[in-house]
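**Q** Line order of the protein sequences matches chains F and G. Sequential numbering from 21 applies to the first sequence in this note's numbering. Sequential numbering from 17 applies to the second sequence in this note's numbering. The C-beta atom is built at its ideal place from N, Cα and C for all residues, glycine as well.
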Amino acid sequence: MDDLEDIIKEFLVESYENLDQLDHDLLSLEDAPDDRNLLSSVFRTIHTIKGTCGFLAFPILEHVTHVGESLLVKLRDGELRLDATITTALLQMVDAVRKMLSSIANTNTEGEDHYESLVEVLEQLSLGTRMQPAAVAAFSAGRAVPAGHRLQSGSSAEDHGVEATLGDLESMVAGLANDSEAVAVRKKSKTPAAAKSRPVAKTKPAPKVRVESKPKLAQVPKAKGPRKAKVAATKTAVAQIPPAVETVEIALPTVAATAPGVRRVDADGQALPDSNEKNQIGPETTVRLDVALLDRLMNLVGELVLARNQILQYSRTTEDATLIAASQRLNLITSELQEGVMKTRMQPIQNAWAKLPRVVRDLSLQCGKKVQVKMEGAETELDKTILEAIKDPLMHIVRNSVDHGIEPPEIRQAKGKPAEGTLLLRAFHEGGQVIIEIGDDGGGINLERVRQKGLSQGLITPDQAASMSERELMNIILLPGFSTALTVTNVSGRGVGMDVVKTNVEKIGGTLDIFSVFGKGTTLRIKIPLTLAIVPALMVTAGADRYAIPQNNLVELVRLEGDRVLREIEHIHDVPVYRLRGNLLPLLYLDEQLNLRPARKGAKLSPDSVVNIVVLTAEDRRFGLVVDRIDDTQEIVVKPLGPHLKDISIYAGVTIMGDGAVALILDVVGIAKRSGVVSEARERHITPAKTNEAVTGDLKQTLLLLGLGETHQLALPLSSVSRLEEIPLSSVERADGQQVVQYGGQIMPLLHLGDVLNTGSPHLEATMLQVVVYSENGRSVGLVVDRILDIVETTLIIQQAGKRMGVLGSAVIQNRVTDLLDIHNLILSSYGDYFSPPSTTLAV
Amino acid sequence: MSVRQQLCTFFLDDLYFGVEVQKVQEVLRYQEMTRVPLAPPVVRGLINLRGQIVTAIDMRRRLGLPALSADRLPMNVVIRTDDGPVSLLVDEIGDVLEVDEETYDALPETLRGPLRDLIKGAYQLNGRLLLTLDSDRAVNVTAS
Numbered sequence: 021m022d023d024l025e026d027i028i029k030e031f032l033v034e035s036y037e038n039l040d041q042l043d044h045d046l047l048s049l050e051d052a053p054d055d056r057n058l059l060s061s062v063f064r065t066i067h068t069i070k071g072t073c074g075f076l077a078f079p080i081l082e083h084v085t086h087v088g089e090s091l092l093v094k095l096r097d098g099e100l101r102l103d104a105t106i107t108t109a110l111l112q113m114v115d116a117v118r119k120m121l122s123s124i125a126n127t128n129t130e131g132e133d134h135y136e137s138l139v140e141v142l143e144q145l146s147l148g149t150r151m152q153p154a155a156v157a158a159f160s161a162g163r164a165v166p167a168g169h170r171l172q173s174g175s176s177a178e179d180h181g182v183e184a185t186l187g188d189l190e191s192m193v194a195g196l197a198n199d200s201e202a203v204a205v206r207k208k209s210k211t212p213a214a215a216k217s218r219p220v221a222k223t224k225p226a227p228k229v230r231v232e233s234k235p236k237l238a239q240v241p242k243a244k245g246p247r248k249a250k251v252a253a254t255k256t257a258v259a260q261i262p263p264a265v266e267t268v269e270i271a272l273p274t275v276a277a278t279a280p281g282v283r284r285v286d287a288d289g290q291a292l293p294d295s296n297e298k299n300q301i302g303p304e305t306t307v308r309l310d311v312a313l314l315d316r317l318m319n320l321v322g323e324l325v326l327a328r329n330q331i332l333q334y335s336r337t338t339e340d341a342t343l344i345a346a347s348q349r350l351n352l353i354t355s356e357l358q359e360g361v362m363k364t365r366m367q368p369i370q371n372a373w374a375k376l377p378r379v380v381r382d383l384s385l386q387c388g389k390k391v392q393v394k395m396e397g398a399e400t401e402l403d404k405t406i407l408e409a410i411k412d413p414l415m416h417i418v419r420n421s422v423d424h425g426i427e428p429p430e431i432r433q434a435k436g437k438p439a440e441g442t443l444l445l446r447a448f449h450e451g452g453q454v455i456i457e458i459g460d461d462g463g464g465i466n467l468e469r470v471r472q473k474g475l476s477q478g479l480i481t482p483d484q485a486a487s488m489s490e491r492e493l494m495n496i497i498l499l500p501g502f503s504t505a506l507t508v509t510n511v512s513g514r515g516v517g518m519d520v521v522k523t524n525v526e527k528i529g530g531t532l533d534i535f536s537v538f539g540k541g542t543t544l545r546i547k548i549p550l551t552l553a554i555v556p557a558l559m560v561t562a563g564a565d566r567y568a569i570p571q572n573n574l575v576e577l578v579r580l581e582g583d584r585v586l587r588e589i590e591h592i593h594d595v596p597v598y599r600l601r602g603n604l605l606p607l608l609y610l611d612e613q614l615n616l617r618p619a620r621k622g623a624k625l626s627p628d629s630v631v632n633i634v635v636l637t638a639e640d641r642r643f644g645l646v647v648d649r650i651d652d653t654q655e656i657v658v659k660p661l662g663p664h665l666k667d668i669s670i671y672a673g674v675t676i677m678g679d680g681a682v683a684l685i686l687d688v689v690g691i692a693k694r695s696g697v698v699s700e701a702r703e704r705h706i707t708p709a710k711t712n713e714a715v716t717g718d719l720k721q722t723l724l725l726l727g728l729g730e731t732h733q734l735a736l737p738l739s740s741v742s743r744l745e746e747i748p749l750s751s752v753e754r755a756d757g758q759q760v761v762q763y764g765g766q767i768m769p770l771l772h773l774g775d776v777l778n779t780g781s782p783h784l785e786a787t788m789l790q791v792v793v794y795s796e797n798g799r800s801v802g803l804v805v806d807r808i809l810d811i812v813e814t815t816l817i818i819q820q821a822g823k824r825m826g827v828l829g830s831a832v833i834q835n836r837v838t839d840l841l842d843i844h845n846l847i848l849s850s851y852g853d854y855f856s857p858p859s860t861t862l863a864v
Numbered sequence: 017m018s019v020r021q022q023l024c025t026f027f028l029d030d031l032y033f034g035v036e037v038q039k040v041q042e043v044l045r046y047q048e049m050t051r052v053p054l055a056p057p058v059v060r061g062l063i064n065l066r067g068q069i070v071t072a073i074d075m076r077r078r079l080g081l082p083a084l085s086a087d088r089l090p091m092n093v094v095i096r097t098d099d100g101p102v103s104l105l106v107d108e109i110g111d112v113l114e115v116d117e118e119t120y121d122a123l124p125e126t127l128r129g130p131l132r133d134l135i136k137g138a139y140q141l142n143g144r145l146l147l148t149l150d151s152d153r154a155v156n157v158t159a160s
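1) What residues are listed by DSSP as bridge partners for F/VAL585?
2) Give the range of the beta strand (DSSP E) segment to which F/LYS547 is assigned.
3) Are the Cβ atoms of F/ARG549 and F/GLY529 separated by less than 7 Å?
4) Please tell me whether F/LEU665 has its Cβ less than 7 Å away from any Cβ of chain G.
5) With a cut-off of 7 Å, does the C-beta of F/LYS693 fall near any C-beta of chain G?
6) State the DSSP-derived secondary structure class of F/GLN819, mapped to helix, strand or coil.
7) Under 8 Å between beta-carbons, which chain F residues line up against G/VAL157? List them in chain order, please.
8) Can you find a CB in chain G that lies within less than 7 Å of the CB of F/ASN615?
9) Can you tell me whether G/ARG51 is helix, strand or coil according to DSSP?
10) For F/GLU89, count neighbouring C-beta atoms within 10 Å of its own C-beta (all shown protein chains included) and say buried if the count is 16 or more, exposed if not.
11) Terminal residues of the continuous alpha helix (DSSP H) containing G/TYR46?
12) Measuring only the C-alpha atoms, how far is F/ARG419 from F/ARG378?
13) Return yes when the Cβ of F/LEU665 is within less than 7 Å of the Cβ of G/ALA72, no when it is not.
14) Looking at the C-beta of G/LEU31, does it have a partner C-beta in chain F at a distance below 7 Å?
15) The alpha helix (DSSP H) spanning F/GLU143 covers which residue range?
16) Against chain G, which members of the stretch 673–687 of chain F pass a CB distance test of less than 7 Å?
17) Does DSSP put F/GLY71 in a helix, a strand or coil?
18) State the beta-bridge partners of F/MET559 as determined by DSSP.
19) Determine the burial state of F/ASP867: buried for a count of at least 16 other Cβ atoms within 10 Å of its Cβ, exposed for fewer.
20) Give the DSSP-derived three-state secondary structure of F/PHE538 in the structure shown.
21) From F/SER629 to F/ARG584, what does the alpha carbon distance come to, in whole angstroms?
22) Residues of the stretch 565–581 of chain F with a CB closer than 7 Å to any CB of chain G: list them in chain order, please.
23) Which residues in chain F sit within 9 Å of G/ASP74, going by Cβ to Cβ distance?
24) Is G/VAL112 buried or exposed, if buried means 16 or more other CB atoms sit within 10 Å of its CB?
25) Going along the chain, which residues of the stretch 321–338 of chain F sit with their C-beta nearer than 9 Å to a C-beta in chain G?
26) Near F/ARG617, which residues of its chain fall below 6 Å by C-beta distance, leaving aside the five closest residues on each side in sequence?
27) When we look at the beta-carbon of G/PRO101 and count the other beta-carbons within 10 Å, is it buried (16 or more) or exposed?
28) Anything in chain F within Cβ reach of G/THR50, meaning under 9 Å, just list it in chain order.
29) Using a cut-off of 8 Å between C-beta atoms, extract the partners of G/PRO56 located in chain B.
30) Which residues of chain G have a Cβ atom closer than 9 Å to the Cβ of F/ILE656, listed in chain order?
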């Protein structure tokens with residue numbers, strides 16, 4: 021029975037993939053109705069599903085696919101030509117099949133619906149009867165909802181330190197290898213027709229499952245009997261299938277090396293442009309894996325990271341050279357392992373995008389618009405959990421763009437635009453984050469109307485409306501209840517939406533921005549972290565306990581000492597504020613927020629106290645969190661809070677520190693909401709703040725001031741700095757004649773600014789190097805300076821243009837003449853094409 | 017034939033409790049805890065149990081008993097639940113006892129308060145009563 025169960029499980033998984041492929045192929049086919057290759061591919065996919073379900077005795081499914089196949093035969097033989105009507109009918113058939121498959125997965129039956137009307141439409145079409153598109157559209161089969169799944173698993177391993185963790189990992193990795201061998205062996209043992217590869221099998225008329233399963237079925241005695249017995253056997257087998265079958269495909273790098281350029285066979289083959297390429301991929305390049313296994317592996321690596329932290333912490337207190345060397349090796353291996361396991365969870369964003377062209381097509385037909393979808397960077401990878409989390413927001417944004425953004429063809433032509441609108445999906449990596457842009461060339465956002473609507477819906481006051489900047493007006497769109505659509509359609513316009521999108525994006529630590537030019541189009545930009553499982557965090561102490569603050573909310577740290585405490589922390593009634601470069605920063609005391617001590621109520625601070633302010637951002641608002649002590653930054657493993665504590669909005673999770681102690685992870689947005697820095701979503705309103713953003717047009721810039729030698733002062737834009745580090749001189753190594761350090765798993769060259777700029781500064785006899793880390797294209801360079809002085813915000817007036825490579829010019833900042841650095845060119849002058857990816861040249 | 021059941025026993029104030037031994041993952045001496053500000057008062061803190069985060073529940077507070085004197089440290093009875101292990105903080109750990117179903121009886125109606133909700137019944141042992149704790153309810157803090 022197990023064999024049969026496996027067959028059906030495999031049938032379901034493969035059929036889902038085939039269906040996604042079908043969606044894609046049908047849409048491509050609509051653009052090129054005479055493409056024989058595509059037609060054949062579509063035909064074969066349908067045929068495969070039909071063949072398999074007939075074999076497994078799913079009569080309704082077989083019937084529906086059979087009618088579809090008949091229609092496709094006519095198309096393939098050139099008797100009919102594909103048009104929008106036929107495409108719609110075929111897509112609806114795909115939906116019907118999808119619905120039945122999910123029914124099979126959940127209830128073991130094909131469901132109640134017999135799809136007679138769909139069958140009729142398909143039959144009519146294959147007879148060549150002209151039908152009104154509306155008639156086809158009128159038939160709408162409910163969409164199958166893909167079985168949901170949870171990746172976040174609360175349980176973690178009960179491991180006894182590193183040893184146990186390592187042991188487990190070892191066996192699991194060994195298990196992985198066995199799996200891949202098993203797969204390879206299985207593939208080889210198949211009949212010649214299907215022996216080549218999975219993708220090939222997909223495109224062969226003889227379906228893989230069928231070939232593979234014949235001998236297996238023969239082992240089930242009942243299967244040879246009459247059809248009824250077979251049905252019974254199948255049904256019992258189906259009963260044992262878990263409701264959600266999910267696997268992830270992983271590329272095996274070693275094998276992938278033999279097939280240059282092919283790194284991953286995409287689940288639905290969409291990453292591969294044409295079918296010829298598919299044939300070149302060997303079956304051994306991918307392994308199907310259970311997501312649960314990957315999650316467990318991920319958890320174990322998390323444990324290992326913690327154990328590594330503990331050992332590193334201990335090794336710092338010892339003189340034992342062997343232990344130090346061993347722990348450093350452990351450190352490196354753990355980092356690599358962590359990165360490797362993270363990669364297994366990485367999936368191309370294509371997986372989230374795959375359904376969008378279909379959505380756009382359906383919608384644009386419904387609205388009477390013409391829209392083409394373009395994708396850039398579909399191979400950009402991000403964590404599976406995050407990928408799942410952004411699917412809905414993406415869908416929503418795309419629907420909005422088609423419904424509100426892109427104009428009907430007549431209007432577009434009247435405006436001198438091509439009748440067909442363009443929806444551009446872009447994804448790329450930037451600074452450890454993934455950026456997804458959804459842009460349309462539609463009507464854009466009419467800010468004047470936004471202003472009026474905001475006023476009439478009471479979201480802003482007349483005073484605010486008059487003084488708001490463009491950027492602030494844009495943000496009104498993200499408020500709950502806002503909609504500019506003149507009419508409510510069944511697609512969108514009900515005013516729930518963009519705020520939900522924003523909330524969902526923020527939930528996974530992302531941000532949402534809108535850029536729009538009225539009449540030209542709108543672009544939404546989502547910025548999200550690569551992963552959520554292991555995050556960099558700032559460790560702080562309050563009331564003798566340590567807390568972790570995720571760094572994606574962190575803006576900067578301010579430390580006040582001596583009489584500056586008295587002078588610079590001011591009180592409006594009882595509320596403490598700090599003037600941060602011209603803006604009033606509300607201050608919250610962490611110990612008060614946690615009810616660890618009664619409120620200070622504006623009590624005078626003693627002059628010898630030190631105030632540490634952690635400047636944080638939550639929903640575009642900044643506030644300062646005052647903590648007792650700022651400890652350090654660490655990579656922490658986020659563990660979920662138990663059910664008893666889940667309701668406390670102030671915590672995002674827990675982690676285990678290097679010394680084994682438990683520390684709570686603060687939820688910055690939760691703190692901001694609880695304290696009223698940002699009000700609850702429904703009452704959220706925008707107060708025009710004095711923004712520092714460059715949008716206002718003046719040249720105000722935030723600069724990092726650096727000191728070289730005795731007197732030399734340099735400045736560079738803070739935005740180009742990825743981190744500031746103190747690196748002990750002892751960890752500087754040499755490679756290829758350069759000074760380098762190991763940094764974040766990379767070898768990072770060090771550039772002594774004093775040498776490069778010939779300021780002739782003697783290297784100060786310090787044991788710690790002050791390093792400004794600059795990153796571009798995933799590569800980092802450490803700029804060694806003598807002093808990191810300050811961060812200033814200033815209107816930059818370059819008074820003297822630079823004559824040397826790497827210096828933009830000079831300006832007076834804080835009453836000192838300061839050289840402005842052009843880091844990109846500075847580094848290029850020393851390292852040539854360091855940042856450019858291989859075989860392309862960098863546009864400078 | 018009478019069904020015999022094994023109970024893991026522990027003491028709280030002057031009361032003697034038991035939980036089904038199958039529910040108990042392990043018993044531990046006092047563990048360092050991280051307090052959780054703003055949490056319900058019965059949650060004493062979080063324990064790092066070999067890499068797993070375990071919530072510790074103060075059973076004296078849960079049952080409305082007076083607090084343990086400051087010089088004594090509570091011990092942990094770690095219970096398995098659907099949401100992962102939870103630790104019950106108790107005064108002392110007792111033996112694992114095999115009890116006779118025939119000696120079991122329901123609680124008298126005169127018993128009220130939080131004890132009533134969390135105790136299923138009592139085994140009449142020689143010289144004392146062994147109260148059976150409903151561990152599922154005991155760890156369900158949000159309901160209290």
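**A** Looking at the coordinates:
1) Taking the first sequence and counting its residues from 1, one reaches residue 585 of chain F at position 565. F/VAL585 pairs with nothing; no bridge assigned.
2) As a first step, residue 547 of chain F must be located in the first sequence, where it is residue number 527. Here the beta strand (DSSP E) through F/LYS547 covers 541–549.
3) One-based indexing of the first sequence puts residue 549 of chain F at position 529. One-based indexing of the first sequence puts residue 529 of chain F at position 509. It should be pointed out that residue 549 of chain F corresponds to Pro in this sequence rather than to Arg. Closer than 7 Å, so yes.
4) To locate residue 665 of chain F, count along the first sequence from 1; it is residue 645. So yes, F/LEU665 belongs to the interface.
5) Numbered from 1 along the first sequence, position 673 holds the residue referred to as residue 693 of chain F. No, because no Cβ of chain G sits closer than 7 Å to the Cβ of F/LYS693.
6) On the first sequence, residue 819 of chain F is found 799 positions in, with the first residue counted as 1. F/GLN819 falls in the coil class under three-state DSSP.
7) Translated into the one-based positions of the second sequence, residue 157 of chain G becomes position 141. Going along chain F in sequence order, the residues near G/VAL157 (Cβ under 8 Å) are HIS664.
8) For the purposes of this step, residue 615 of chain F is taken as residue 595 along the first sequence, with counting starting at 1. Judged by the 7 Å Cβ criterion, F/ASN615 is in contact with chain G.
9) Residue mapping note: residue 51 of chain G aligns to position 35 of the second sequence, counting from 1. G/ARG51 falls in the coil class under three-state DSSP.
10) Position 69 of the first sequence holds residue 89 of chain F. Looking at its Cβ environment, which holds 16 or more other Cβ atoms inside 10 Å, F/GLU89 is buried.
11) Here residue 46 of chain G refers to the residue found at position 30 when the second sequence is read from its first residue. From DSSP, G/TYR46 is part of no alpha helix (DSSP H); its letter is neither H nor E.
12) The residue labelled residue 419 of chain F in the question sits at position 399 within the first sequence. The residue labelled residue 378 of chain F in the question sits at position 358 within the first sequence. Spanning the two alpha carbons is a distance of roughly 11 Å.
13) Working through the second sequence from its first residue, we reach residue 72 of chain G at position 56. Working through the first sequence from its first residue, we reach residue 665 of chain F at position 645. Contact flag unset, no.
14) The residue you call residue 31 of chain G lines up with position 15 of the second sequence. No, its Cβ sits nowhere closer than 7 Å to a Cβ of chain F.
15) Against the first sequence, residue 143 of chain F aligns to sequence position 123. Looking at the DSSP string, the run of the alpha helix (DSSP H) that includes F/GLU143 is 136–146.
16) VAL674, ILE676, GLY680, ALA681, VAL682, ALA683, LEU684
17) Sequence index remark: in the first sequence, residue 71 of chain F carries index 51 (1-based). The answer is helix: DSSP assigns F/GLY71 an H, G or I state.
18) The residue labelled residue 559 of chain F in the question sits at position 539 within the first sequence. Paired residues: F/ALA568, F/ASP652.
19) Not covered by the structure: residue 867 of chain F. The range shown for chain F is 21 to 864.
20) Taking the first sequence and counting its residues from 1, one reaches residue 538 of chain F at position 518. Here F/PHE538 sits in coil by DSSP.
21) Here residue 629 of chain F refers to the residue found at position 609 when the first sequence is read from its first residue. Here residue 584 of chain F refers to the residue found at position 564 when the first sequence is read from its first residue. Each residue's alpha carbon lies about 10 Å from the other.
22) ASP565
23) Taking the first residue of the second sequence as 1, we reach residue 74 of chain G at position 58. What G/ASP74 touches in chain F: nothing, since even the nearest Cβ is about 12 Å away.
24) Position 96 of the second sequence, counted from the first residue, corresponds to residue 112 of chain G. Looking at its Cβ environment, which holds fewer than 16 other Cβ atoms inside 10 Å, G/VAL112 is exposed.
25) GLY322, GLU323, LEU326, ALA327
26) Against the first sequence, residue 617 of chain F aligns to sequence position 597. So the list reads ASP611, once near-sequence residues are dropped.
27) Within the second sequence, numbered from 1, the residue matching residue 101 of chain G stands at position 85. The residue in question, G/PRO101, is buried, as its Cβ has 16 or more Cβ neighbours within 10 Å.
28) Here the question's residue 50 of chain G lines up with position 34 in the second sequence. Near G/THR50 (Cβ distances below 9 Å), the residues of chain F are ASP565, ARG566, VAL674, ALA681, VAL682, ALA683, LEU684.
29) Absence of chain B from the displayed structure is noted, the protein chains being F and G.
30) For this step, residue 656 of chain F is matched to residue 636 along the first sequence. Within 9 Å Cβ-Cβ: nothing; F/ILE656 doesn't reach chain G, min ~13 Å.
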